[in-house]
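I have placed the structure first, in the form of structure tokens, so that the comments after it can refer back to it.
There are 2 protein chains.
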Amino acid sequence: MESSVTLAQVARAAGVSASTVSRILNGTANVSVEKREAVERTLAQLNYQPNVLARGLAGGRTMNVGVLTQDISSPFYGEALRGVEQGLAGSGYVPVFMSGHWHEKEETEAIDLLLARRVDAMLILGGVTPDAGLREVAGRVPLVAIGRSLPDLGRQCLRVDNRHGAFLATRHLIELGHRSIAHIAGIPSHRDAQDRLEGYREALADAGIGFDPDLVLAGDFLEHSGFLATTRLVEGRGFFTAIFAANDQMAYGARLALHRKGLRVPEDISLVGFDDLAGSAYTCPPLTTVRQPVHEMGRAAARCVLRMLAGQPPALPPLQVQLVLRESTARRRAG
Amino acid sequence: MESSVTLAQVARAAGVSASTVSRILNGTANVSVEKREAVERTLAQLNYQPNVLARGLAGGRTMNVGVLTQDISSPFYGEALRGVEQGLAGSGYVPVFMSGHWHEKEETEAIDLLLARRVDAMLILGGVTPDAGLREVAGRVPLVAIGRSLPDLGRQCLRVDNRHGAFLATRHLIELGHRSIAHIAGIPSHRDAQDRLEGYREALADAGIGFDPDLVLAGDFLEHSGFLATTRLVEGRGFFTAIFAANDQMAYGARLALHRKGLRVPEDISLVGFDDLAGSAYTCPPLTTVRQPVHEMGRAAARCVLRMLAGQPPALPPLQVQLVLRESTARRRAG
DNA sequence: CTGAAAGCGCTTACAG
DNA sequence: CTGAAAGCGCTTACAG
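Right, here's the structure in full:
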């Protein structure tokens, strides 16, 4: 049990050459039944476990797919990672996760490490690596990106229409009679945040509602910033009856801030989020939000990588955002 | 940029042997300044990236630490993984994550894969692999386990006192005047669930409160089971004024069920969870719970692995559970 | 201080 | 169908 058995040891024990054992292991060629059986018996007896490193070095394929995520503990990315796991399951390829923390340097290091490890393909989830860097990686191995859109590599990018999602969220509030709708935006430099803000503005414009800069505060996509922004909104001079937060985590923070100020959701203030995290169905009240099919996105991206690895052209299904109506919004009360 | 530069190419370009380049890369021996400079220049020029596979195969060390987690998207394990990342940061070792989903077969496969990959050490987070299996792994590589206690390997196991945590939670409710306290337990076969149930019973006994089996329902540690259990409790004939859920996720479900039944927290029913997930500070009301320092546990486990890798004996700091008082509990109202 | 050589454990043409 | 041999890209005694 102590040290590991090698191919050569198996070959000797079974009375065949290492090549033969290798061929049986990989199904690479026909082998006589007797030899096959003899080998398979010793394989089991010795409990042989191939050395993945040697295999990768010799064969040129590691069966590893590098997955660059941003935060290993993020509920949002976590869901995508599960999708990736599922999409890869049974294919023989295994994911190798690494986090970039939205830090260009860290991301670059992670990508380099993955490449040094000779991953056969790469899956990128968000991040801030410049397009050029990603394009370079794509030149070396099959690459699929989630949450990004690389020019020239459109067919390898999976990105939902954030602008449209934000539009739906805001329009929903407008349809309920709200005219003074605050927006807690995400990190200003993030493309997703920009798109969501744009969708919000578009819906307002569509309804002939003027844009009020005082009603838009920037957050950082985390709970606390939603709490802070909402506290400021309530204490500020701007009037509002609804809030559209650029993601669910900030909506959670907003909800708590309203609670602290004695404002009820949805009776006093309506609240909408974005993402539809697993927890959003269990907040009180359950959160109305824009669903991003993250899990499916992870799966689809993994499948696409598999296709490319098999020499086929990339193909990604169209995935739509969807407004999920729960209980955090209500018709604006007269008065 | 296309294909990768090898050590041999660098050596040739710099006019030295491969051995020398290797030594410079690894700081293995003294090298004359001129050669060192020449090599370092070409290294940079050619943008050399060592092949990790070859390195691992030749050197016998991969600088990889296998990390077996259960669910890559779990908020609880996710926090621990972040701790592991941090604990390993800067050490040169990188974590390789794999999920077992509390499935013995999957766990075994994951562990075997990690071993086939020649990880230098292993970190185990929970799971259902029998002690014997883990002991065997521990015989091959340095191993640290979180959330398990392996006989004979106590110094390599990090596990909080679940019984005590549950005791604290229950006693807190008792001190607030509650006498009819329901418990939503975890999966009966899980050691953690058993210990927490035990702590609950102990606190009751300590206070001279009789144990009422009707007030204990089993869940599966997920939100929905907490919702279901609570709904059944409210609809059942048993009287209760407080609930202690065996983890925060079930407490979230319980909170929603109470909300649906028109019961207020904490005015009508007090609620306590276990774990102190990141989200628990943002529920409405913020959840009183038993804090497990998961992040610190991940860090400490990683540090311990590093110690063992350096040839030192394992050492793990004592980590305590702690009752975090927030706003989901209140003194039992008269009547 | 520094090379040449062997070896890590596999795979894969190359011959039969 | 099946071996012997070369090679993947490194590291590390072994000699100088």
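Residue numbers (the working numbering), protein chains in the order written: chain A, 591 to 925; chain B, 591 to 925.
Glycine included, C-beta positions come from ideal geometry on N, C-alpha and C.
Residues of chain B with a CB under 7 Å from the CB of residue i: which are they?
i, result
"I662 (chain A)", "G668, L671, R672 and E675"
"L647 (chain A)", "L643, A644 and L647"
Of the choices the options, whose alpha-carbon is the least far from that of residue i?
i, options, result
"L848 (chain A)", "A:S870, A:T821, A:F834 and A:E857", "A:T821"
"G767 (chain A)", "A:Y842, A:M840, A:E627 and A:G798", "A:G798"
"L703 (chain A)", "B:G682, B:T719, B:L877 and B:L715", "B:G682"
"A793 (chain B)", "B:D810, B:F811 and B:S770", "B:S770"
"K695 (chain A)", "A:R708, A:V718, A:A706 and A:G673", "A:V718"
"E765 (chain A)", "A:P741, A:S739, A:D796 and A:D782", "A:D796"
"L763 (chain B)", "B:P741, B:L807, B:V862 and B:E675", "B:V862"
"C747 (chain A)", "A:R893, A:D866 and A:F834", "A:R893"
"R730 (chain A)", "A:L705, A:P720, A:R749 and A:H754", "A:L705"
"V642 (chain A)", "A:N616, A:A775, A:V629 and A:R745", "A:N616"
"Q882 (chain B)", "B:V750, B:R725, B:P876 and B:F687", "B:V750"
"R922 (chain B)", "B:G649, B:V880 and B:V855", "B:V855"
"I777 (chain B)", "B:L853, B:A819, B:H754 and B:E627", "B:A819"
"G673 (chain B)", "B:M898, B:E917 and B:M887", "B:M887"
"A775 (chain B)", "B:G800, B:L812, B:L743 and B:I701", "B:L812"
"S860 (chain B)", "B:A648, B:R602, B:A759 and B:I662", "B:A759"
"T632 (chain A)", "A:G649, A:G650, A:L713 and A:A603", "A:A603"
"S918 (chain B)", "B:D858, B:A891, B:I662 and B:Q902", "B:D858"
"F830 (chain A)", "A:G723, A:R786, A:A772 and A:R791", "A:A772"
"D875 (chain B)", "B:R781, B:Q902 and B:R916", "It should be pointed out that residue 875 (chain B) corresponds to Pro in this sequence rather than to Asp. The shortest Cα separation from P875 (chain B) among B:R781, B:Q902 and B:R916 belongs to B:R916."
"S739 (chain A)", "A:G901, A:V880, A:D782 and A:S663", "A:D782"
Just mark residue i as buried or exposed, buried being the case when its beta carbon has 16 or more other beta carbons within 10 Å.
i, result
"E699 (chain A)", "exposed"
"L906 (chain B)", "buried"
"E592 (chain B)", "Low confidence applies here, because E592 (chain B) scores a pLDDT of 45, under 50, leaving its location unreliable; read the following figure in that light. Exposed is the call here."
"A920 (chain A)", "buried"
"N837 (chain B)", "buried"
"P720 (chain A)", "exposed"
"F757 (chain B)", "buried"
"A735 (chain A)", "buried"
"L877 (chain A)", "buried"
"R745 (chain B)", "exposed"
"S622 (chain A)", "exposed"
"S870 (chain A)", "buried"
"F801 (chain B)", "exposed"
At 7 Å on the CB atoms, spell out the chain A contacts of residue i, in chain order.
i, result
"E813 (chain B)", "Y872"
"G690 (chain B)", "Those do not exist, as G690 (chain B) stays about 11 Å from chain A at its closest Cβ, beyond 7 Å."
"F864 (chain B)", "Near F864 (chain B) there are no residues of chain A at all, since even the closest Cβ is about 16 Å away, more than 7 Å."
"F687 (chain B)", "F687"
Using a C-beta to C-beta distance shorter than 9 Å, which residues of chain B count as neighbours of residue i?
i, result
"R822 (chain A)", "Here the premise fails: no neighbours, minimum Cβ distance about 17 Å."
"P665 (chain A)", "S663, P665, G668, A868 and G869"
"D702 (chain A)", "Q639"
Closer than 8 Å by beta-carbon distance: list the chain B residues that pair up with residue i, in chain order.
i, result
"A706 (chain A)", "Q639, P640, N641 and V642"
"G843 (chain A)", "Y872"
For residue i, collect the residues of the same chain with a Cβ closer than 6 Å to its Cβ; drop the 5 residues on either side in sequence, then sort them by chain order.
i, result
"G828 (chain A)", "D804 and L805"
"A598 (chain A)", "A608"
"V884 (chain A)", "E669 and A670"
"P665 (chain A)", "L867"
My assumption, with CB atoms under 8 Å, is that residue i sits in contact with residue j. Please give the rounded CB distance.
i, j, result
"A936 (chain B)", "E669 (chain B)", "An answer regarding residue 936 (chain B) cannot be provided, because it is not within the stretch 591 to 925 covered by chain B."
"V600 (chain A)", "V611 (chain A)", "5 Å"
"R613 (chain B)", "A619 (chain B)", "5 Å"
"V727 (chain A)", "V686 (chain A)", "In fact, because the Cβ distance is near 14 Å, the residues do not count as touching under 8 Å."
"P741 (chain A)", "M898 (chain A)", "Actually they are not in contact, since the Cβ atoms of P741 (chain A) and M898 (chain A) sit about 19 Å apart, beyond 8 Å."
"F864 (chain B)", "A835 (chain B)", "7 Å"
Can you pull the chain A residues whose beta carbon is under 8 Å from the beta carbon of residue i, in chain order?
i, result
"Y790 (chain B)", "Result: empty, since nearest Cβ-Cβ is about 23 Å, beyond 8 Å."
"T652 (chain B)", "L643"
"H849 (chain B)", "C874 and P875"
"V684 (chain B)", "M688 and L703"
Taking 7 Å as the limit between beta carbons, can you name the residues of its chain near residue i, skipping five residues before and five after?
i, result
"Q660 (chain A)", "Y667, S689, G690, H691, W692, L715, G716 and G717"
"R708 (chain A)", "G646 and T652"
"H754 (chain A)", "G789 and V911"
Anything in chain A within Cβ reach of residue i, meaning under 9 Å, just list it in chain order.
i, result
"L846 (chain B)", "A871, Y872, T873, C874, P875 and P876"
Which residues in the same chain as residue i place their Cβ atom closer than 8 Å to its Cβ, once the five residues preceding and following it in sequence are excluded?
i, result
"H814 (chain B)", "G843"
"R889 (chain B)", "G673, V674, Q676 and G677"
"F817 (chain B)", "G843, A844, L846 and A847"
"V824 (chain A)", "A847, L848, K851 and L853"
"Q639 (chain A)", "S594 and V595"
"V606 (chain B)", "K625, A628 and V629"
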